[in-house]
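Letter by letter, the sequence shown follows residues 17 to 146 of this note's numbering. We put the beta carbon where it would ideally sit given N, CA and C, even for glycine. These notes concern the structure reproduced below.
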Amino acid sequence: MARQSDVIIQPREPFIDARGRILNLIDAPFTSAAVVTSVKGAVRGNHYHKTDYHYCWLQRGGLIYLHRPAGAATPPERWVIAPGQLFYTPPGYEHAMRFTEDSVMVVLARNNREMANYEADTVRTPPLGP
Numbered sequence: 017m018a019r020q021s022d023v024i025i026q027p028r029e030p031f032i033d034a035r036g037r038i039l040n041l042i043d044a045p046f047t048s049a050a051v052v053t054s055v056k057g058a059v060r061g062n063h064y065h066k067t068d069y070h071y072c073w074l075q076r077g078g079l080i081y082l083h084r085p086a087g088a089a090t091p092p093e094r095w096v097i098a099p100g101q102l103f104y105t106p107p108g109y110e111h112a113m114r115f116t117e118d119s120v121m122v123v124l125a126r127n128n129r130e131m132a133n134y135e136a137d138t139v140r141t142p143p144l145g146p
């Protein structure tokens, strides 16, 4: 079972001055950054990555995140993700996201997300949940 601290990542305290604030989400090697918009009711995922990992930061909206080790027969763990939360998907974890509101999410990934690269590293799975 994943610990809450393994999935939900606490960003460092923001830098704040008279100009505004800087929130440094995460320091890790990435080759891809994407902004993903999803409509209420959309489901993304139902797969795992052989080598890729990703951090997702929900800018606005809401979602339910499910994950479990690839091939596990146990029910997936479930988190309710709110705006401003950062969550992590390691390699080899089946995962899915069900959006409970129209949402905007930033995804930072280890691997290049050009379609051929992405598909070569992605293994589709049966749906993880409703």
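Residue i to residue j span [Cα, whole Å]
{"i": "D68", "j": "D137", "result": "7 Å"}
{"i": "P27", "j": "P143", "result": "30 Å"}
{"i": "P92", "j": "K66", "result": "18 Å"}
{"i": "A88", "j": "M113", "result": "18 Å"}
{"i": "R140", "j": "N62", "result": "6 Å"}
{"i": "E135", "j": "E110", "result": "15 Å"}
{"i": "R35", "j": "Y104", "result": "30 Å"}
{"i": "C72", "j": "L79", "result": "11 Å"}
{"i": "N127", "j": "D33", "result": "34 Å"}
{"i": "E117", "j": "G57", "result": "7 Å"}
{"i": "S54", "j": "R76", "result": "10 Å"}
{"i": "E29", "j": "I38", "result": "9 Å"}
{"i": "I115", "j": "P99", "result": "Note that residue 115 corresponds to Phe in the displayed sequence, not to Ile. Distance between the alpha carbons of F115 and P99 is about 12 Å."}
{"i": "R94", "j": "I24", "result": "11 Å"}
{"i": "E130", "j": "A44", "result": "20 Å"}
Paired residues, beta bridge with residue i - DSSP
{"i": "F221", "result": "No statement about residue 221 is possible, as the shown extent of the chain runs from 17 to 146 and does not include it."}
Distance between beta carbons of residue j and residue i, contact taken as under 8 Å
{"i": "Q101", "j": "L82", "result": "Not a contact, Cβ separation roughly 15 Å."}
Environment of residue i [buried if 16+ CB atoms lie within 10 Å]
{"i": "F31", "result": "exposed"}
{"i": "N40", "result": "exposed"}
{"i": "H97", "result": "The sequence as given places Ile at residue 97; His does not occur at that position. When all chains shown are included, I97 counts as buried."}
{"i": "R84", "result": "buried"}
- Query: Three or more beta-carbon pairs under 8 Å between the segment 40-51 and the segment 117-130, yes or no?
  - Reply: Segments in contact, yes.
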